[in-house]
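Participant: Line order of the protein sequences matches chains A and B.
Our numbering applies: residue 54 is where the first sequence begins, and numbers increase by one.
Our numbering applies: residue 54 is where the second sequence begins, and numbers increase by one.
Note that beta-carbon positions come from the ideal geometry of N, C-alpha and C, so glycine has one too.
2 protein chains.
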Amino acid sequence: MKDAKSVRKIAEGAKAASRLLGSLKTSHKNAILREMAKALIESKSYIMKANKKDLKKARDRKLKSAFIDRLELTDKRIQGMADSINEVAKLEDPVGTIDKLIKRPNGLRIRKTRVPIGVVFVIYESRPNVTADCIALCLKSGNSLILRGGSVAINSNIAIFDVLRKVASKMGLPKNSLNMIKTTDRKAVNIMLGLEGTIDVVIPRGGESLIKEVSRKSRIPVIKHYKGVCHVYVDEYADLNMAESISFNAKLQRPGVCNAMETLLVHSEVAPRFLPSMAKKFIEAGVELRGCPLTRRILKRATVKPARESDWRTEYLDLILSIKVVNSLEEAIGHINKYGTSHSDAIVTENREHAMKFLTEVDSSSIYLNASTRFTDGYEFGKGAEIGISTDKLHARGPVGVEELTTYKYVIFGNGQIRK
Amino acid sequence: MKDAKSVRKIAEGAKAASRLLGSLKTSHKNAILREMAKALIESKSYIMKANKKDLKKARDRKLKSAFIDRLELTDKRIQGMADSINEVAKLEDPVGTIDKLIKRPNGLRIRKTRVPIGVVFVIYESRPNVTADCIALCLKSGNSLILRGGSVAINSNIAIFDVLRKVASKMGLPKNSLNMIKTTDRKAVNIMLGLEGTIDVVIPRGGESLIKEVSRKSRIPVIKHYKGVCHVYVDEYADLNMAESISFNAKLQRPGVCNAMETLLVHSEVAPRFLPSMAKKFIEAGVELRGCPLTRRILKRATVKPARESDWRTEYLDLILSIKVVNSLEEAIGHINKYGTSHSDAIVTENREHAMKFLTEVDSSSIYLNASTRFTDGYEFGKGAEIGISTDKLHARGPVGVEELTTYKYVIFGNGQIRK
């Protein structure tokens with residue numbers, strides 16, 4: 054891994070393998086997946102031994118307990134990884150399906166056909182289950198995979214990877230379909246990001262700074278989201294009990310994730326009735342509130358700090374919430390389109406016209422009527438797992454699963470047609 | 054247009070308009086399109102007067118006659134532009150259509166819904182009809198458009214744009230939906246290419262150097278193809294009459310375009326029977342041949358120059374053809390995947406197994422069985438027109454029409470669901 058040549062060799066091997074993966078039979082892929090799930094369970098003690106090394110290192114480095122929690126593999130978590138692989142085995146295989154059949158007057162039959170993207174390069178940070186999820190999703194979608202995990206979980210990642218690749222090679226998956234960069238220096242990543250044409254897509258998973266750096270350096274298309282500044286808008290026609298339950302869930306069910314609510318927008322008509330009891334619940338749950346002037350007029354000023362302009366743009370990922378009272382649906386939509394990150398936003402309303410206007414005009418990849426933003430997730434969307442979440446405008450948006458890991462090509466059947 | 058501020062203002066105006074375009078009724082869009090087609094015909098003399106200025110300038114600058122031919126607007130060509138707009142009016146409207154409906158056990162209904170991309174920025178060179186095509190395609194797909202044409206056709210472009218925008222504004226298209234940068238200095242383009250988040254996609258149309266420059270500078274996703282090194286492979290099981298007719302058409306029907314054949318691959322089993330008469334036809338048509346050693350052994354050496362390694366990578370766009378004899382289907386596929394540009398490639402064969410292997414394993418965006426590569430074109434694919442052709446792996450591939458100018462978002466309907 055020391056020089057550019059060996060990095061390029063990995064990428065070229067993955068490319069060569071990808072040429073063969075597109076014609077792999079679905080039954081073959083599913084059989085490999087099921088064997089992989091079994092092997093994970095059978096190798097539990099081997100994987101947990103590797104994980105213990107990472108945990109020891111992390112504790113020695115005095116990393117935060119939330120961090121160590123994400124890193125730790127338990128019986129249940131390894132079972133969870135295996136379940137997830139079995140879920141992916143059950144999904145429909147998109148490769149080879151025909152999106153559209155166009156018959157032309159000259160007799161040409163044009164099939165818009167789903168094909169794998171090619172070579173997928175995933176850069177990730179601390180959670181070892183990402184290793185298994187990526188392998189399952191890329192195998193099912195017929196893509197070659199190059200994994201590059203963070204240093205914190207390196208032993209766990211290598212152990213999981215080795216177990217799964219052994220199954221793959223025993224069961225006839227083309228050589229070099231699954232690859233892992235087993236060192237954690239940045240050099241290899243930087244070289245990879247220049248291999249336009251060999252690697253087809255880069256998926257960075259982790260903090261905003263990692264993703265920004267990858268996007269800046271990469272000559273290869275990147276599927277990504279920088280951050281999730283997600284909103285719940287409580288409309289003047291909202292069912293206020295439902296609004297309270299959704300807002301509380303969106304903020305607190307798991308505050309540290311990208312689809313958690315960061316800003317609550319409330320219509321001025323209902324704010325005086327809605328905000329006092331809602332704020333009480335949040336404060337009891339330990340949430341710090343930061344409000345606009347109107348919010349602070351309605352609530353006890355002492356319980357709500359003034360929100361600054363920067364608050365509307367901040368992904369707290371923490372027990373902090375900004376609150377703004379708006380005077381119209383249009384103002385809510387305008388606020389979200391200005392400060393939001395196109396991740397996940399919700400409206401709570403019983404008014405159909407308001408709902409449709411919001412759902413149409415808010416420019417987010419996942420947009421909810423009367424439900425919590427916390428559902429933006431590959432599993433919750435029925436995709437088995439996800440390789441990432443995208444807020445881009447092109448190709449994949451929202452949770453990225455097996456289907457989004459494919460693209461299409463036009464296959465044209467003729468019987469001698471020439472152009473006049 | 055002199056400073057960054059005014060450029061940014063155009064982009065922001067386009068963005069604001071794009072928020073409204075997604076909910077425009079299909080019938081309204083189609084009515085505007087039909088009026089635009091009419092207005093083009095009615096303003097023929099106005100447009101041709103502007104075109105004469107461009108032609109004079111081009112002749113003064115002693116540009117090539119092929120170039121002047123592309124620039125010139127005639128009665129017939131203006132009629133062609135109007136016809137093309139009417140074709141786009143007849144196409145189905147993709148906006149709002151539901152790609153997929155997912156019902157979840159918790160009652161959530163997830164609609165994967167087609168939406169416009171947002172703001173499209175097209176940079177193009179000499180053909181004035183591109184102005185009308187882009188306006189029609191973006192209007193139908195609900196996108197805001199910013200056009201920036203080359204200096205050669207600037208008067209024609211402005212005339213066409215002004216005629217069509219007048220119709221748009223008279224018929225209630227949101228203000229700032231259609232925009233043109235009417236100066237031709239590079240500064241405005243460079244500023245635009247940095248407006249990530251405001252402009253959603255850039256489509257450069259023109260020579261390879263323009264496209265490379267745009268791709269290098271842009272922070273916004275680019276839909277593009279650099280060049281088309283297209284192949285026809287004559288298999289050992291080919292109908293040789295069909296192979297001759299397709300090869301001749303692919304090279305000569307219009308040699309200067311991206312989907313014309315640049316390299317002919319012939320299986321060694323049929324090369325001695327196929328190549329002599331084929332070569333004769335090409336030479337009679339004025340085509341210079343460059344062959345591999347085997348080709349030169351089969352044909353008279355004097356009629357075929359030796360092909361160099363660089364020939365296999367060259368898009369001649371001219372009366373030059375490289376020829377290679379291969380010993381197997383696999384060698385043909387390997388050659389195309391190595392030297393091709395994922396644009397358009399064809400196999401001529403009567404063997405179904407060979408056909409399917411080629412169609413699956415060749416990594417091109419448009420791939421033909423027994424037909425000429427010259428059909429890769431928005432109109433020929435039934436898309437009315439095209440805003441460009443893409444050889445990228447993500448989002449749009451092949452001819453880019455109304456449908457490819459949309460993306461999707463997930464619209465999720467709940468009745469109070471929260472995540473457990």
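Can you have a look at D371 of chain A and say buried or exposed, based on whether 16 or more other CB atoms are within 10 angstroms of its CB?
Facilitator: The residue labelled residue 371 of chain A in the question sits at position 318 within the first sequence. Exposed: under 16 other Cβ atoms inside 10 Å.
Participant: Please decide whether V464 of chain A counts as near chain B, where near means a Cβ-Cβ distance under 8 Å.
Facilitator: Residue mapping note: residue 464 of chain A aligns to position 411 of the first sequence, counting from 1. Closer than 8 Å: yes.
Participant: Could you name the residues of the segment 265-282 of chain B whose beta carbon sits closer than 7 Å to any beta carbon of chain A, in the order they occur along the chain?
Facilitator: The residues in question are P274.
Participant: To the nearest angstrom, report how far apart V180 of chain A and P308 of chain A are at their CA atoms.
Facilitator: Numbered from 1 along the first sequence, position 127 holds the residue referred to as residue 180 of chain A. Numbered from 1 along the first sequence, position 255 holds the residue referred to as residue 308 of chain A. Note that residue 180 of chain A is Arg in the sequence shown here, rather than Val. If you take the alpha carbons of R180 of chain A and P308 of chain A, they lie about 17 Å apart.
Participant: Identify the contact partners of G435 of chain B in chain A, using a Cβ-Cβ distance below 7 Å as the criterion.
Facilitator: Numbered from its first residue, the second sequence carries residue 435 of chain B at position 382. Residues of chain A passing the Cβ test: I155, R157.
Participant: Starting from the C-beta of I465 of chain A, find all residues in its chain whose C-beta is less than 8 Å away, skip the five residues before and the five after it, and write them out in chain order.
Facilitator: As a position in the first sequence, residue 465 of chain A is number 412, starting the count at 1. Result list for I465 of chain A: L161, R162, I163, R164, in chain order.
Participant: I'd like to confirm the pairing. Which residues does DSSP put opposite E249 of chain A in its beta bridges?
Facilitator: The residue you call residue 249 of chain A lines up with position 196 of the first sequence. A:I252, per the DSSP bridge assignment.
Participant: At a cut of 8 Å, does the segment 270-287 of chain A reach the segment 386-398 of chain A through at least three beta carbon pairs?
Facilitator: Yes, the segment 270-287 of chain A touches the segment 386-398 of chain A.
Participant: Assuming V205 of chain A and A111 of chain A make a contact with CB atoms under 8 Å, what is their CB distance in whole Å?
Facilitator: For the purposes of this step, residue 205 of chain A is taken as the residue at position 152 of the first sequence. For the purposes of this step, residue 111 of chain A is taken as the residue at position 58 of the first sequence. Their Cβ separation, rounded to whole angstroms, is 6 Å, which keeps V205 of chain A and A111 of chain A in contact under 8 Å.
Participant: Would you call the segment 228-241 of chain B in contact with the segment 63-74 of chain B, where contact means no fewer than 3 C-beta pairs closer than 8 Å?
Facilitator: Short answer: they touch.
Participant: Nearest chain B C-beta to V254 of chain A closer than 8 Å, yes or no?
Facilitator: The count along the first sequence starts at 1 and reaches residue 254 of chain A at position 201. Output row for V254 of chain A: interface = yes.
Participant: Rounding to the nearest angstrom, what Cα-Cα distance links R472 of chain A and Y432 of chain B in this structure?
Facilitator: To locate residue 472 of chain A, count along the first sequence from 1; it is residue 419. To locate residue 432 of chain B, count along the second sequence from 1; it is residue 379. Rounded to whole angstroms, R472 of chain A to Y432 of chain B spans 12 Å at the Cα level.
Participant: Rounded to the nearest angstrom, what separates V319 of chain B and E249 of chain A at their Cα positions?
Facilitator: Your numbering for residue 319 of chain B matches position 266 in the second sequence. Your numbering for residue 249 of chain A matches position 196 in the first sequence. Cα to Cα, V319 of chain B sits roughly 30 Å from E249 of chain A.
Participant: Assess contact between the segment 411-423 of chain B and the segment 453-465 of chain A, defined as three or more Cβ pairs (one per stretch) separated by less than 8 Å. Is contact present?
Facilitator: Result yes; three or more Cβ-Cβ pairs closer than 8 Å.
Participant: Can you tell me where the beta strand (DSSP E) holding S419 of chain A begins and where it ends?
Facilitator: As a position in the first sequence, residue 419 of chain A is number 366, starting the count at 1. 419-424 is the span of the beta strand (DSSP E), which, as asked, contains S419 of chain A.
Participant: Take every Cβ of the segment 92-100 of chain A, pair it with every Cβ of the segment 249-265 of chain A, and state whether three or more of those distances are shorter than 8 Å.
Facilitator: Contact between the segment 92-100 of chain A and the segment 249-265 of chain A is absent, because fewer than three Cβ pairs lie under 8 Å.
Participant: Taking C-beta pairs closer than 8 Å, name the residues in chain A that K446 of chain B reaches, listed in chain order.
Facilitator: Here residue 446 of chain B refers to the residue found at position 393 of the second sequence. Correct list: I170, G171, D253, V254, P274, T460.
Participant: Is it true that the CB of N139 of chain A sits closer than 8 Å to the CB of E125 of chain A?
Facilitator: For the purposes of this step, residue 125 of chain A is taken as residue 72 along the first sequence, with counting starting at 1. For the purposes of this step, residue 139 of chain A is taken as residue 86 along the first sequence, with counting starting at 1. No; because the gap between Cβ atoms is not below 8 Å, this pair is not in contact.
Participant: Whole angstroms is fine: what's the gap from C345 of chain B's alpha carbon to K265 of chain B's?
Facilitator: For the purposes of this step, residue 345 of chain B is taken as the residue at position 292 of the second sequence. For the purposes of this step, residue 265 of chain B is taken as the residue at position 212 of the second sequence. Straight-line Cα distance between these residues: approximately 30 Å.
Participant: What are the partner residues of E341 of chain A, as DSSP defines its beta bridges?
Facilitator: Against the first sequence, residue 341 of chain A aligns to sequence position 288. Answer is A:I373.
Participant: Who are the near neighbours of G66 of chain B in its chain, counting only those whose CB is closer than 6 Å to its CB and skipping five residues on each side?
Facilitator: Taking the second sequence and counting its residues from 1, the one referred to as residue 66 of chain B is at position 13. Answer for G66 of chain B: N229, listed in chain order.
Participant: Counting along the chain, where does the beta strand (DSSP E) carrying N232 of chain B start and finish?
Facilitator: Counting from one through the second sequence, the residue named residue 232 of chain B turns up at place 179. Per DSSP, N232 of chain B belongs to the beta strand (DSSP E) from 231-233.
Participant: Looking at chain B, is there any beta carbon in it that lies within less than 8 Å of the beta carbon of M134 of chain A?
Facilitator: Counting from 1 along the first sequence, the entry for residue 134 of chain A is found at position 81. Output row for M134 of chain A: interface = no.
Participant: Give me the Cα-Cα distance between L352 of chain B and D364 of chain B, rounded to the nearest whole angstrom.
Facilitator: Indexing the second sequence from 1 puts residue 352 of chain B at position 299. Indexing the second sequence from 1 puts residue 364 of chain B at position 311. Distance between the alpha carbons of L352 of chain B and D364 of chain B: 18 Å.
Participant: Quick one, are the C-beta atoms of M134 of chain B and A185 of chain B less than 8 Å apart?
Facilitator: If you number the second sequence from 1, residue 134 of chain B lands on position 81. If you number the second sequence from 1, residue 185 of chain B lands on position 132. Cβ atoms of M134 of chain B and A185 of chain B: closer than 8 Å.
Participant: Identify the contact partners of T413 of chain A in chain B, using a Cβ-Cβ distance below 7 Å as the criterion.
Facilitator: As a working note, residue 413 of chain A is residue 360 in the first sequence. What T413 of chain A touches in chain B: G75, S76.
Participant: What are the complete beta strand (DSSP E) segments, minimum 3 residues, inside the segment 137-210 of chain A?
Facilitator: Whole beta strand (DSSP E) segments, 3+ residues: 151-156, 162-169, 172-176, 197-201.
Participant: From K410 of chain B to V148 of chain A, what does the alpha carbon distance come to, in whole angstroms?
Facilitator: Position 357 of the second sequence, counting from 1, holds the residue named residue 410 of chain B. Position 95 of the first sequence, counting from 1, holds the residue named residue 148 of chain A. In a straight line, the C-alpha of K410 of chain B is about 15 Å away from that of V148 of chain A.
Participant: Could you list which residues in chain A have their beta carbon closer than 7 Å to that of Y295 of chain B, in chain order?
Facilitator: Taking the first residue of the second sequence as 1, we reach residue 295 of chain B at position 242. First, the amino acid is wrong: residue 295 of chain B is Met here, not Tyr. Here the neighbours are G469.
Participant: Given a threshold of 16 other Cβ atoms within 10 Å of its Cβ, counted over all protein chains shown, does I151 of chain A qualify as buried or as exposed?
Facilitator: Position 98 of the first sequence, counted from the start, is the residue given in the question as residue 151 of chain A. Exposed is the call here.
Participant: In its own chain, which residues sit with a C-beta less than 8 Å from the C-beta of I244 of chain A, not counting the 5 before and 5 after it?
Facilitator: In the first sequence, the residue the question calls residue 244 of chain A occupies position 191. Excluding positions up to five away in sequence, the list reads A57, V60, R61.
Participant: Around the Cβ of D288 of chain A, are there at least 16 other Cβ atoms within 10 angstroms (buried) or fewer (exposed)?
Facilitator: Residue mapping note: residue 288 of chain A aligns to position 235 of the first sequence, counting from 1. By the 10 Å Cβ count, D288 of chain A comes out buried.
Participant: Could you name the residues of the same chain whose beta carbon sits closer than 7 Å to that of V242 of chain B, not counting the 5 residues immediately before and after it, in chain order?
Facilitator: Taking the second sequence and counting its residues from 1, one reaches residue 242 of chain B at position 189. Cβ within range, chain order: I176, R201.
Participant: Is it the case that the CB of S230 of chain B approaches a heavy atom of the ligand ADP more closely than 7 Å?
Facilitator: The model on display carries no ligand, and the ligand ADP is accordingly not part of it.
Participant: Contact check, G171 of chain A vs K446 of chain B under 8 Å by CB: the rounded distance?
Facilitator: In the first sequence, the residue the question calls residue 171 of chain A occupies position 118. In the second sequence, the residue the question calls residue 446 of chain B occupies position 393. Indeed they touch by this definition, with Cβ atoms about 6 Å apart.
Participant: In chain B, which residues lie with their C-beta within 7 Å of the C-beta of I163 of chain A?
Facilitator: Here the question's residue 163 of chain A lines up with position 110 in the first sequence. Per Cβ cutoff of 7 Å: F434.
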